[in-house]
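Residue numbers (our numbering): 4 to 478.
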Amino acid sequence: MKMLQQKSRLERQIVGSTNRWRFSKEPFTGDLLALSQLCKARSVDFNEVLKNPDRACVSQIQKLLTEKLKKTTIQSTEADVTLECLGFKWELHQPQLFQSETLTRLYLVALSRGSVSPLRELEKVLKAFTTALKSLYKNDAEMNVGEVLGVLASAHTLQFKALFQRCVTFMIGELSPSTIKSFYLVSCKYQEGQLTKACEQWLQMNLVPLMGKRIQLRTIPRELLHKVIMSPSLFTFSEFDLLKTMLSWVYLQQNHKVQTFPIYETVLAYFSSFPRNCAFLERDLGQGLLPLFVCLRLHNINRGPDLEAVRHVNFFPEGWLIRIAASHFRALENGGDMSQVVDLNTQALRFGLLFTQEYTTHSKMVSVYGFFFELKGVKHDGSSYSFYMQRVRHTDVHSPPWLFENSPVSLRAERLVKYQIGARVLVNDRWQEFSTNQITQKFGFSKPSCKSHVLKFQTMGIPVYTTFAFIFPLS
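Rendered as structure tokens:
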């Protein structure tokens, strides 16, 4: 790349020991000798080229880019400098030039030396670099997902802070299963905390409900996955749904040729195919995954069929399964008291409601150690919501019979519960958060004791990710 002060004067360039000369990539200047020599070198007909000499002398690529840039040019005065980069010349003006710290530095160096300075800092993708230079003149220059990484790299090299921030803002608004990996990795490369946080928050909400059904689950970096599953803000329908997502991620890591998302039975069959004398996490293949699965709240998987699946999948060490069974036995023996669970943020049971556009009311029934609760959300108008939980008798449960088949039933009239209800909504690429305090309450069967405090809020966003977190303290 070269930075030239003002436009250079056209001069003959002697080539070798011959009299051949040229104006490299310049339009036809009227010199027929030069044109004749050019046609002879290219083996083209001189008379045909003479009809339109510029076509033979100007690169078609440069011509295309020049025409594209002309459409967005807002200044008609002569350029202050000409930037030679990637084999092309870019005419720039000082007001736009000074938006880039790198270009400003190169310009000042060129002025101080009074000569051409060879530099090689801007070897980037041509299309992305074109967009970066266009942005010097036009703040709303078009950008798309396919080229934003290249534009970001160019903006970083140019130290064009406004464009770099514009790329970051654009990427935050374009987070999706297909972009989460590349956007997260580039945020780490450039230490862009705003983008890193946005990737983490997006995945906290979408790991289970969205990525847990997409083949792109395979692409999530382990480091990012670890951060997300450790977060108290992670959204999941239940602890078992989170476990199924994690098992699917491991399956896809081990089976690179699989190109469609596997059904749960396929994942179970894969892990069950290993010899049962050694669980998957104890094998060489699985030992590196231990930090991920230690983060899961396996003790909160309490539904009978789900516990059977955990026991038979041949994934967890025998010691883990024994501890899970022992914690459930102690809780049932003590009327539901969770003696080993004390911290609501890191140990609580979590159940989620994903309130989408089609709902005006949405609810689910959960059973924990013989106590039945309905988790409910109501949309009152275009922007008002309320969420709460209430205890119900097992005889009033209207869920399919198989859902709570062989579930224990507690006859206790009251159950002490410590709980918190929280919701997140994405509005204009920013997450809104709503939450109750941590509340301890005795739940009975009659009003008002059967109903929790109500989380009420207004928002224009959709969907609403709502989490009910609770534990049964010693009573």
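Glycine is no exception: its CB is placed at the ideal position from the N, C-alpha and C atoms. Every value quoted in this text rests on a predicted model; they were computed, and no experiment measured them.
Since I believe residue j is in contact with residue i (beta carbons under 8 Å), could you give me their beta-carbon distance rounded to a whole number of angstroms?
i	j	result
Phe554	Val211	Given that the chain is displayed from residue 4 to residue 478, the structure contains no residue 554 and the question cannot be resolved.
Pro235	Thr349	7 Å
Gln257	Ile218	Their Cβ separation, rounded to whole angstroms, is 14 Å, which puts Gln257 and Ile218 out of contact at 8 Å.
Leu246	Leu299	6 Å
Asn305	Val253	Not really, about 23 Å apart at Cβ, beyond 8 Å.
Going straight from the alpha carbon of residue i to that of residue j, what length do you get?
i	j	result
Gly380	Tyr388	7 Å
Gln373	Glu285	The displayed chain sequence assigns Gly, not Gln, to residue 373. Rounded to the nearest angstrom, the two C-alpha atoms are 34 Å apart.
Lys445	Ile327	26 Å
Gly196	Thr107	26 Å
Glu104	Phe471	49 Å
Leu458	Gly385	17 Å
Ala483	Ser241	Absent from the model: residue 483. The displayed extent of the chain is 4 to 478, so no value can be given.
Gly425	Leu356	11 Å
Gln99	Cys170	18 Å
Ala351	Ser181	32 Å
Arg1	Val84	This structure does not reach residue 1, given that the chain is present from 4 up to 478, and the question cannot be answered.
Cys42	Val189	47 Å
Tyr422	Leu347	7 Å
Ser366	Leu378	5 Å
Val395	Gly339	16 Å
Val270	His456	40 Å
Met146	His383	39 Å
Glu94	Ala82	5 Å
Val369	Glu268	24 Å
Hey, quick one: how far does the alpha helix (DSSP H) through residue i stretch, first residue to last?
i	result
Met208	Gly196 to Asn209
Gln423	Where Gln423 is concerned, there is no enclosing alpha helix (DSSP H), although the beta strand (DSSP E) it sits in stretches over Arg418 to Val430.
Tyr273	Tyr267 to Ser275
Phe296	Leu293 to Val297
Leu100	Gln97 to Leu100
Phe460	Note, Phe460: premise wrong, no alpha helix (DSSP H); beta strand (DSSP E) at Leu458 to Gln461.
Glu336	Glu321 to Glu336
Arg169	Lys164 to Gly176
Helix, strand or coil for residue i? Go by DSSP, reduced to three states.
i	result
Met249	helix
Val189	helix
Leu477	coil
Gln65	The predicted model places Gln65 with a pLDDT of 41, which falls under 50 and marks its position as unreliable, so this point remains unresolved.
His365	strand
Phe471	strand
Val84	strand
Arg415	coil
Lys184	helix
Arg225	helix
Leu378	strand
Tyr372	coil
Glu104	helix
Glu242	helix
Phe283	helix
Lys450	coil
Val231	helix
Gln256	helix
Met392	strand
Glu94	strand
Considering only the alpha carbon of each residue, which of the options lies closest to residue i?
i	options	result
Asn431	Gln97, Glu311 and Gly176	Gly176
Ser330	Thr269, Ser413 and Phe475	Phe475
Asn280	Lys367, Ala312 and Val316	Val316
Thr398	His383, Leu414, Gly385 and Tyr391	Leu414
Met463	Gln360, Phe319, Met392 and Gln219	Gln360
Val400	Ser276, Phe375 and Leu352	Phe375
Ser342	Pro320, Leu356 and His302	His302
Pro411	Phe296, Phe332 and Ser241	Phe332
Gln204	Arg217, Glu226, Gly215 and Lys230	Lys230
Leu295	Gln461, Leu227, Tyr267 and Val395	Leu227
Arg194	Gln168, Leu178 and Ser179	Reading off the sequence, residue 194 comes out as Gln, not Arg. Checking every option, the nearest Cα to that of Gln194 belongs to Gln168.
Phe173	Thr160, Gln162 and Leu155	Leu155
Phe318	Pro308, Ile325 and Leu250	Leu250
Gln435	Phe460, Lys450, His456 and Ser452	Phe460
Val297	Gly425, Asn305, Leu324 and Lys454	Leu324
Phe473	Gln441, Phe448 and Tyr110	Gln441
Thr469	Arg427, Leu419, Arg314 and Thr269	Arg427
Gln162	Glu150, Gln102 and Phe390	Gln102
Ser478	Val345, Thr160 and Ser438	Val345
Val148	Leu178, Ser275 and Arg306	Leu178
Leu293	Pro320, Thr239, Thr160 and Ser452	Pro320
Asp309	Gly447, Phe277 and Phe243	Phe243
What are the start and end residues of the beta strand (DSSP E) that includes residue i?
i	result
Gly385	No beta strand (DSSP E) holds Gly385; DSSP gives it neither H nor E.
Leu356	Leu352 to Phe358
Arg314	Note, Arg314: premise wrong, no beta strand (DSSP E); alpha helix (DSSP H) at Gly307 to His315.
Thr160	Premise fails: Thr160 lies in the alpha helix (DSSP H), Val151 to Leu161, not in any beta strand (DSSP E).
Arg444	Checking the sequence, you will find Gln at residue 444 rather than Arg. First-last of the beta strand (DSSP E) with Gln444: Ile442 to Phe446.
Gln435	Arg433 to Ser438
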